[in-house]
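Just so you know, the protein sequences line up as chains A and B, in that order. Numbering follows numbering that gives the first Met the number 0, in which position 1 of the first sequence is assigned residue number 0; successive positions increment by one, without gaps. Numbering follows numbering that gives the first Met the number 0, in which position 140 of the second sequence is assigned residue number 139; successive positions increment by one, without gaps. Built from N, CA and C at the ideal position, the CB exists for glycine as well. Remember, it's a predicted structure, so these values are computed and weren't measured experimentally. Taking it in order: structure first as structure tokens, then the write-up.
There are 2 protein chains.
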Amino acid sequence: MVWKDYFPVWDQLTPMHQEKLAMSVRRRTVSKGTVIHSSIDCTGLLLVERGQLRACILSDEGREITIYRLLDQDICLLSASCMIQNIQFEIMITAERDTSLWIIPADSYRKVMKESAPLANYTNEIMAARFSDVMWLMEQIMWKSFDKRLAGFLLEERALEETDVLKITHEAIANHLGTAREVVTRMLRYFQSEGMVKLSRGVVKIVDSHRLEQL
Amino acid sequence: MVWKDYFPVWDQLTPMHQEKLAMSVRRRTVSKGTVIHSSIDCTGLLLVERGQLRACILSDEGREITIYRLLDQDICLLSASCMIQNIQFEIMITAERDTSLWIIPADSYRKVMKESAPLANYTNEIMAARFSDVMWLMEQIMWKSFDKRLAGFLLEERALEETDVLKITHEAIANHLGTAREVVTRMLRYFQSEGMVKLSRGVVKIVDSHRLEQL
Numbered sequence: 000m001v002w003k004d005y006f007p008v009w010d011q012l013t014p015m016h017q018e019k020l021a022m023s024v025r026r027r028t029v030s031k032g033t034v035i036h037s038s039i040d041c042t043g044l045l046l047v048e049r050g051q052l053r054a055c056i057l058s059d060e061g062r063e064i065t066i067y068r069l070l071d072q073d074i075c076l077l078s079a080s081c082m083i084q085n086i087q088f089e090i091m092i093t094a095e096r097d098t099s100l101w102i103i104p105a106d107s108y109r110k111v112m113k114e115s116a117p118l119a120n121y122t123n124e125i126m127a128a129r130f131s132d133v134m135w136l137m138e139q140i141m142w143k144s145f146d147k148r149l150a151g152f153l154l155e156e157r158a159l160e161e162t163d164v165l166k167i168t169h170e171a172i173a174n175h176l177g178t179a180r181e182v183v184t185r186m187l188r189y190f191q192s193e194g195m196v197k198l199s200r201g202v203v204k205i206v207d208s209h210r211l212e213q214l
Numbered sequence: 000m001v002w003k004d005y006f007p008v009w010d011q012l013t014p015m016h017q018e019k020l021a022m023s024v025r026r027r028t029v030s031k032g033t034v035i036h037s038s039i040d041c042t043g044l045l046l047v048e049r050g051q052l053r054a055c056i057l058s059d060e061g062r063e064i065t066i067y068r069l070l071d072q073d074i075c076l077l078s079a080s081c082m083i084q085n086i087q088f089e090i091m092i093t094a095e096r097d098t099s100l101w102i103i104p105a106d107s108y109r110k111v112m113k114e115s116a117p118l119a120n121y122t123n124e125i126m127a128a129r130f131s132d133v134m135w136l137m138e139q140i141m142w143k144s145f146d147k148r149l150a151g152f153l154l155e156e157r158a159l160e161e162t163d164v165l166k167i168t169h170e171a172i173a174n175h176l177g178t179a180r181e182v183v184t185r186m187l188r189y190f191q192s193e194g195m196v197k198l199s200r201g202v203v204k205i206v207d208s209h210r211l212e213q214l
């Protein structure tokens, strides 16, 4: 494990702090679909080695909205939210692909962070990045019309999956975007009628990515 | 100025760090309506002594949504966002009442924070609190219907202003809630027809707060 890939400030930590972190870290591999973290737990920091994770919030009625995704070398801080007072929201993290990751237990991380200015400042940066993701999302929700959001989502999926043929149900898309399946189906049909996508069971094929981008 | 009122970790700072902050701080009084911070600037940390500030984001079309409020002894971190990399959103801060505040320039604060683990960790806590505010707001927007949001807003205003007679226009409420004036007017009229509020020019009088709470 190359610590500097995750923590650019690694060299600024004392040897003792480096050792504390290195001693506490555990490796885990999870298969696609696994719930790695849910609201009640304090799982710890998740360091993605290879794979793809999704962080979402859940409504009381079980509706979901994706707040961000984590790819190779990304760090998930909010799965260790217990170590930061004042975090009063709960997220769920699931694997969207088979994923290998490192877990630093929240307690070990907190102890080092309390003593280490470089690590505390870097933690600040991670949180600020996620905060920015959420603010962006909120602006999307508030001010972008749904066609733009859906087009953006399809293009993002396309880039992530590296294919025009997305194997995803309308239900799953609705969960990602925090809306109802019917809303997604209606808009996808509109996109199809406009020749931008082609729909078949469980598949959305992107036919005209250029026009989706224009949206 | 009592630093401990704003920074509970004050005693954990070195005398040198305490002095650096104390030397840099400036006092300012602003009258109601003043824009204290807008997106382009990096004003610094705002420490509210007495008064009320509002932080909001703006859409390209000039629509607003309030993301949080700051009351006595609160600290605004995002007005110093330039000091934290990765913050990629812009906010505007206005005074909702005549307000006296202390300003710590971003550069001075950042220098101390880089060296001081207690201050960096406390900064983390402040950011986490604002992050939680925004997550709460997003859940409201996504999952609560507008009648609940409006009822919540009126009750919050009532608590802040300590009166049942709110001097606020529908336009201003719409800006707070990131929606159109017509939507607010329609819902307020519904509330009036249900005997929960009484409307007159520029005034919303809360008649039945109990029923608003039930919403």
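- In the three-state scheme derived from DSSP, where H, G and I count as helix and E and B as strand, Leu-69/A is classed as strand.
- Contact check for Glu-48/B against Met-0/B passes: the beta carbons are separated by less than 9 angstroms.
- Annotation note: the stretch 7-90 of chain A contains the following uninterrupted alpha helix (DSSP H) runs of length 4 or greater, listed N- to C-terminal: 14-23.
- Within the DSSP secondary-structure output, Ser-115/B pairs in no beta bridge.
- Within chain A, the residues whose beta carbon sits less than 7 angstroms from that of Asn-85/B are Glu-124, Ala-127, Ala-128, Ser-131, listed in sequence order.
- Taking all protein chains shown into account, Pro-117/A has 16 or more neighbouring C-beta atoms within 10 Å of its C-beta and is therefore buried.
- Secondary structure within the stretch 117-196 of chain A: the beta strand (DSSP E) runs of 3 or more consecutive residues, fully enclosed, are 164-166 (chain order).
- Checking the DSSP bridge columns, you'll see Ala-94/A partnered with Leu-52/A.
- Just so you know, the alpha carbons of Leu-45/A and Ser-38/A end up roughly 15 angstroms apart.
- Contacts with chain A at 9 angstroms (Cβ-Cβ) include Trp-135/B.
- One finds Ala-116 in chain B with Cβ atoms closer than 7 angstroms to the Cβ of Glu-114/A, taken in chain order.
- Taking every protein chain shown into account, the CB of Ser-115/B has 16 or more other CB atoms within 10 angstroms, so this residue is buried.
- Along the stretch 19-48 of chain A, none of the residues has a CB nearer than 8 angstroms to a CB of chain B.
- Comparing alpha carbon positions, the residue from Asp-40/B, Thr-168/B, Ala-158/B closest to Ala-79/B is Asp-40/B.
- Close partners of Phe-6/A in chain B (Cβ separation under 8 angstroms) are lacking, with about 14 angstroms as the shortest Cβ gap.
- For Ser-78/B, there are no C-beta contacts with chain A under 9 angstroms, since the nearest C-beta of that chain is about 14 angstroms from it.
- Restricting attention to Gln-191/B, Leu-211/B, Leu-136/B, the CA atom closest to the CA of Val-202/B is found in Gln-191/B.
- For Phe-88/B, at least one C-beta of chain A is nearer than 9 angstroms to its own C-beta.
- Look at Ala-54/A: its C-beta is not under 9 angstroms from any C-beta on chain B.
- In this structure, Ala-94/A sits near Gly-50/A, with a CB-CB distance shorter than 9 angstroms.
- Remark: C-beta atoms of Cys-55/A and His-175/A approach each other more closely than 9 angstroms.
- The Cβ-Cβ distance between Val-196/B and Leu-211/B falls below 9 angstroms.
- At a cut-off of 9 angstroms between C-beta atoms, Asn-120/A counts as an interface residue with respect to chain B.
- Beyond the five residues adjoining it in sequence on each side, Val-183/B comes within less than 6 angstroms, by CB distance, of His-169, Ile-172, Ala-173 in the same chain, given in chain order.
- With fewer than 16 other Cβ atoms from the protein chains shown falling within 10 Å of its own Cβ, Met-22/B counts as exposed.
- Cβ neighbours of Leu-12/A within its own chain (closer than 7 angstroms, five residues either side excluded): Ser-115, Pro-117, Leu-118.
- For Val-1/B, there is no enclosing beta strand (DSSP E), as DSSP marks it with neither H nor E.
- For Val-202/B, the enclosing beta strand (DSSP E) covers residues 202-205.
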